[in-house]
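Undergrad: First the structure, then my questions, so here it is.
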Amino acid sequence: MPRSAVRNAAAVGLATGAYGFSFGALSTVSGLSLIQTIVLSAVMFTGASQFAFVAVLAGGGTGAAAVATATVLGSRNAFYGLRLMETLEATWWRPFAAHLTIDESSAMAFAATDKRAARTAFWATGVAVFVSWNVATIVGSLIHFLGNPTTFGLDPAAPAAFVALLFPQLRTRPSRAVAAVAALVALAAVSFVPSGTPDLLAAGVAAVAGCAVHRATAEESRS
Amino acid sequence: MWPVVIAGSISCYALKLLGFSVPRQILDSERARNVAALLPVALLAALALTQSLSTGHHLTLDARAGGLVAAVACTAKRAPFLITVAVAVAVTAGLRAWT
Chain A
1 MPRSAVRNAA AVGLATGAYG FSFGALSTVS GLSLIQTIVL SAVMFTGASQ
51 FAFVAVLAGG GTGAAAVATA TVLGSRNAFY GLRLMETLEA TWWRPFAAHL
101 TIDESSAMAF AATDKRAART AFWATGVAVF VSWNVATIVG SLIHFLGNPT
151 TFGLDPAAPA AFVALLFPQL RTRPSRAVAA VAALVALAAV SFVPSGTPDL
201 LAAGVAAVAG CAVHRATAEE SRS
Chain B
1001 MWPVVIAGSI SCYALKLLGF SVPRQILDSE RARNVAALLP VALLAALALT
1051 QSLSTGHHLT LDARAGGLVA AVACTAKRAP FLITVAVAVA VTAGLRAWT
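Line by line, the protein sequences give chains A and B. Counting in our numbering, the first sequence tops out at residue 223, every number present. Counting in our numbering, the second sequence tops out at residue 1099, every number present.
See below:
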């Protein structure tokens, strides 16, 4: 295995540790048990979905709203898998490759110059992030044992995490417009729909905008 | 809480496996890719604002709004993730102590 791939994987793994630590703290402070927090990081294993899942529950949303929000946020992983399938030539270990399919491992694989390097980058990054994410989750969740969780005042931590995850995705004009409209729609809906569902209405904005962008590009290429 | 944790975990894993399992042409349309790229943008923006500016079914303006502004400022200045979260928590706590 090339040394640079290992070095990159280790760097990305360490960086995601910070997110894992925050998730562990937030999850247990939000009322999930230590074991439930560990299961989320080990099995759900997709950062933004995990943050959204505990935030919706902490905000009084129903279990169904939490599951739906996490699922919609995790849908991008299906599209990573679609592209990775060709590169990885997955066989019996397909379920393992699927489990390690996240933003970081996919990005490293897509950035590689050839198939062999892509495979190495995917597995090295996926394993490094998985180990680091889960260890950091456990360390972060131990904050729960330091005292009464309600005194921590960690409620602004989740929105801050969402802002940090959102910013790198705002490079194009359509994405900035979608972010603004989606946020306004969700805020406007807060008083009228059940807790946890305003954010799902925002997903509807993305669906409509995604189709509109598609039509606009199609018309552009025709003319 | 356990059924919700398990349902959410299985659902997210099933989506990953779906990508590796379906024939390419079913999911691989330009339109589906556009929508999938915009979904996290819409959800994260909505979550950040509803979690900072509402309590139950009411829009509220309190110390958390200060935390949100601090988080935006930190991210715009390319602060590391943990610093961004820590500053947002500290600013909110400061505003709460002050008001």
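Ideal placement from N, C-alpha and C gives every residue a C-beta, glycine not left out.
Please name the residues in the segment 32 to 56 of chain A whose beta-carbon is closer than 7 Å to at least one beta-carbon of chain B, in chain order.
TA: Listed by position along the chain: Leu32, Gln36, Val39, Leu40, Val43, Met44, Thr46, Ala48, Ser49, Ala52, Phe53, Ala55.
Undergrad: Are the segment 1013 to 1026 of chain B and the segment 1052 to 1070 of chain B in contact at 8 Å, needing three or more beta carbon pairs?
TA: As far as the Cβ criterion goes, the segment 1013 to 1026 of chain B does not touch the segment 1052 to 1070 of chain B, which means the pair count is below three.
Undergrad: Would you list the residues sitting across from B/Ser1054 in a DSSP beta bridge?
TA: Answer is B/Leu1059, bridged to B/Ser1054.
Undergrad: Drop a sphere of 10 angstroms on the beta-carbon of B/Asp1028, count the other beta-carbons inside from all chains shown, and report buried for 16 or more, exposed for fewer.
TA: With fewer than 16 Cβ atoms within 10 Å of its Cβ, B/Asp1028 is classed as exposed.
Undergrad: For the segment 65 to 90 of chain A, enumerate the residues whose C-beta is nearer than 9 Å to any C-beta of chain B, in chain order.
TA: Of all residues in the segment 65 to 90 of chain A, Ala66, Val67, Ala68, Thr69, Ala70, Thr71, Val72, Leu73, Gly74, Ser75, Arg76, Asn77, Ala78, Phe79, Tyr80, Gly81, Leu82, Arg83, Leu84, Met85, Glu86, Leu88, Ala90 have a Cβ within less than 9 Å of some Cβ in chain B.
Undergrad: What's the gap between the Cα of A/Val67 and the Cα of A/Phe45?
TA: In a straight line, the C-alpha of A/Val67 is about 14 Å away from that of A/Phe45.
Undergrad: Assess contact between the segment 55 to 70 of chain A and the segment 182 to 196 of chain A, defined as three or more Cβ pairs (one per stretch) separated by less than 8 Å. Is contact present?
TA: Yes, the segment 55 to 70 of chain A touches the segment 182 to 196 of chain A.
Undergrad: Name the chain B residues whose beta carbon is nearer than 8 Å to that of A/Ala10?
TA: What A/Ala10 touches in chain B: nothing, since even the nearest Cβ is about 17 Å away.
Undergrad: Give me the subset of the segment 1026 to 1048 of chain B whose CB atoms are less than 8 Å from a CB atom of chain A, sorted by chain position.
TA: Flagged, chain order: Leu1027, Asp1028, Glu1030, Arg1031, Ala1032, Arg1033, Asn1034, Val1035, Ala1036, Ala1037, Leu1038, Leu1039, Pro1040, Val1041, Ala1042, Leu1043, Leu1044, Ala1045, Ala1046, Leu1047, Ala1048.
Undergrad: What residues from the segment 1050 to 1061 of chain B come within 8 Å of chain A, judged by C-beta to C-beta, listed N to C?
TA: Residues Thr1050, Gln1051, Ser1052, Leu1053, Ser1054, Gly1056, His1057, His1058, Leu1059.
Undergrad: Could you work out which residues of chain A lie near B/Trp1002, taking near to mean beta carbons separated by less than 8 Å?
TA: Chain A residues near B/Trp1002: Gln36.
Undergrad: With a threshold of 8 Å between beta-carbons, can B/Lys1077 be considered close to chain A, or not?
TA: False, the Cβ-Cβ gap to chain A never drops below 8 Å.
Undergrad: Keeping to the same chain, check which residues put their C-beta closer than 7 Å to that of A/Ala112; ignore five residues upstream and five downstream.
TA: Excluding positions up to five away in sequence, the list reads Ala118, Ala121.
Undergrad: Starting from A/Ala158, follow the alpha helix (DSSP H) in both directions and report where the run begins and ends.
TA: Element bounds for A/Ala158: 157 to 166.
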